[in-house]
Amino acid sequence: MEPLPAEQRWIDAFKAGDAAAFAKIMEHYEPYVLGLIWRMTGDRATAEDLCQETFLKILRGLGSFRRGSSLKTWIFRIAHNAVVDYARGAGLAAEPLEELGADTCPPDPAPTPLAQVEEGQLRQGIEEAMGTLAPREREILHMLYWDGLSVAEIAAACTLPEGTVKTLLFRARRALREQVSRSLMEARP
Amino acid sequence: MNCRECLDLLDGLEPGAPVPEACREHATSCPACALALRIEGTLREAPEWARQPRLALETRAGLLGRARLGRLFWRQASSLFEEAAVTALTLLSAIAGLVILWPKLSVTLMPEPVRRAAAEYLGPAAGYLSGLLSPLVPLIREPWGLALTAAALFSILMAAVLSAKVLVPAPHFR
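See the structure below:
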């Protein structure tokens, strides 16, 4: 995700009473926030509700937003919290965050007929595999690849240490790859 | 390089970092690692091929409407406060100026008969006011006393101006 051009100017304009500045900020971040929440909840209607809630919180907090802070990180933290609150309310269990052990390396995946895998098939496989990942891994991968956040920004948005984000990222990439390989193998005629 | 080393390298890559050459070389002869490389490449291109969902029009319109209303209220309230503060400050300065300069001005500007006639009415009023304000004199002599008294008077005046502006709004506040 490209940063919003002249972000600080829009924040200042909003603080000075310009409602169009909020529209500009929303226009820029809305697809990313909605995409993330949709990915996490798996339901468009719920995602829209949570996205609306997220932007209402942004609207309420933007007036006192600290100059020099990262707007992107702040917005994603609000979105992350909205998802966490939703998951808690929906009674979804939080996954334990165990450290990656030395014995967690899986065996090498079975060879896949790469030549037969088309780009569209691969994308679909990735989308489907994302849905099978643990929520935290899914969120981190989405923030990294779809929303273009750095490890430091993900850590700030999810209030996790950077080391933990790297560990989760390692595990998530591996789980995703295995899942994609598996589904491609199953799809073979 | 074997598969495990290659996959470990891929999984531990810093975001956006180039794939190590050794890994690429290994992938040319290993379909599993080649697929892993393609997955990584496809993921890196996700912003280009992924959906860009948007909120429903009415939801977005509702949010923007709330923003507009909130800002409008804030803007009006802030300009109301600003105007009231300026008015209160002007009034305070005028009153202070009048209190300080009145004895001299009255002598130089007013003819003797007018001054005598005014004194008939102003005398009792001045006596009443000095009785009212005399408890303030020791306060003013305290450190910061003058500033605090001025601030208190300013607050009282501002509250009065604000009340007047809210009770009798100017046409653009209606």
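Keeping their order, the protein sequence lines are chains A and B. Just so you know, the first sequence maps onto residues 0 to 188 in numbering that gives the first Met the number 0. Just so you know, the second sequence maps onto residues 0 to 173 in numbering that gives the first Met the number 0. From the three backbone atoms N, C-alpha and C, an ideal C-beta is built for every residue, glycine too.
Taking the C-alpha atoms as reference points, what is the distance between PRO123 (chain B) and SER133 (chain B)? 15 Å
Going by DSSP in three states, TRP143 (chain B) sits in which element: helix, strand or coil? coil
Could you tell me whether the Cβ of SER28 (chain B) comes closer than 8 Å to any Cβ of chain A? no
Determine the chain B residues that contact ARG176 (chain A) at a beta-carbon separation under 7 Å, and present them in chain order. ALA35 and ILE38
For ARG135 (chain A), decide whether its Cβ has a neighbour in chain B, counting only Cβ atoms nearer than 8 Å. no
Classify PHE54 (chain A) as helix, strand or coil using the three-state DSSP reduction. helix
List the residues of chain A whose Cβ lies closer than 7 Å to the Cβ of PRO52 (chain B), in chain order. PRO30, LEU33, GLY34 and TRP37
If you measure from the beta carbon of LEU90 (chain B) to each beta carbon in chain A, is any gap under 8 Å? no
Going straight from the alpha carbon of THR166 (chain A) to that of GLY41 (chain A), what length do you get? 25 Å
Among A:GLY60, A:MET129, A:ILE74 and A:MET25, which one has its Cα closest to the Cα of LEU56 (chain B)? A:MET25
Is there contact between the stretch 57 to 67 of chain B and the stretch 50 to 62 of chain A, where contact requires at least three CB pairs shorter than 8 Å? yes
Which ranges would you report for the beta strand (DSSP E) in the stretch 90 to 132 of chain B if only whole runs of at least 3 residues count? none
Within chain B, the residues that CYS50 (chain A) reaches when beta carbons sit closer than 7 Å: LEU54
Buried or exposed (CB count within 10 angstroms, at least 16 for buried), ALA46 (chain A): buried
Look at the Cβ atom of LEU174 (chain B), then the Cβ atom of LEU147 (chain B), and state whether they are nearer than 8 Å. Not covered by the structure: residue 174 (chain B). The range shown for chain B is 0 to 173.
Cβ distance (whole Å) where LEU79 (chain B) is taken to contact LYS164 (chain B) below 8 Å: 6 Å
Interface positions of the stretch 13 to 26 of chain B facing chain A (Cβ-Cβ less than 9 Å), listed along the chain: GLU13, PRO14 and GLY15
Grab the span of the alpha helix (DSSP H) containing CYS32 (chain B) for me, first residue to last. 30 to 43
Does any residue of chain A bring its CB to less than 8 Å from the CB of ALA60 (chain B)? no
Three-state class that DSSP yields for MET0 (chain B) in the structure shown: coil
Flag this pair as yes or no: are the beta carbons of ALA33 (chain B) and CYS2 (chain B) separated by less than 8 Å? no
Hey, does GLY11 (chain B) have any beta-carbon neighbour from chain A nearer than 8 Å? yes
Is the distance from the Cβ of THR41 (chain B) to the Cβ of ILE125 (chain A) below 8 Å? yes
Quick one: measure Cβ to Cβ for GLY11 (chain B) and PHE169 (chain A), integer angstroms, because I've assumed they're closer than 8 Å. 6 Å
For ALA101 (chain A), count neighbouring Cβ atoms within 10 angstroms of its own Cβ and tell me buried if that reaches 16, exposed if not. For ALA101 (chain A), the predicted structure reports a pLDDT of 34, less than 50, and the residue's modelled location is therefore unreliable. A value from the coordinates is still provided. Its Cβ having fewer than 16 others within 10 Å, ALA101 (chain A) is exposed.
Neighbouring residues, chain B, relative to ILE10 (chain A) (Cβ below 7 Å): What ILE10 (chain A) touches in chain B: nothing, since even the nearest Cβ is about 13 Å away.
Taking the straight line between their C-alpha atoms, what separation do you get for ASP17 (chain A) and LEU54 (chain B)? 22 Å
Rounded to whole angstroms, what is the Cα-Cα separation between ARG135 (chain A) and GLU20 (chain B)? 31 Å
TYR144 (chain A) burial status per 10 Å Cβ neighbour count (16 or more: buried): buried
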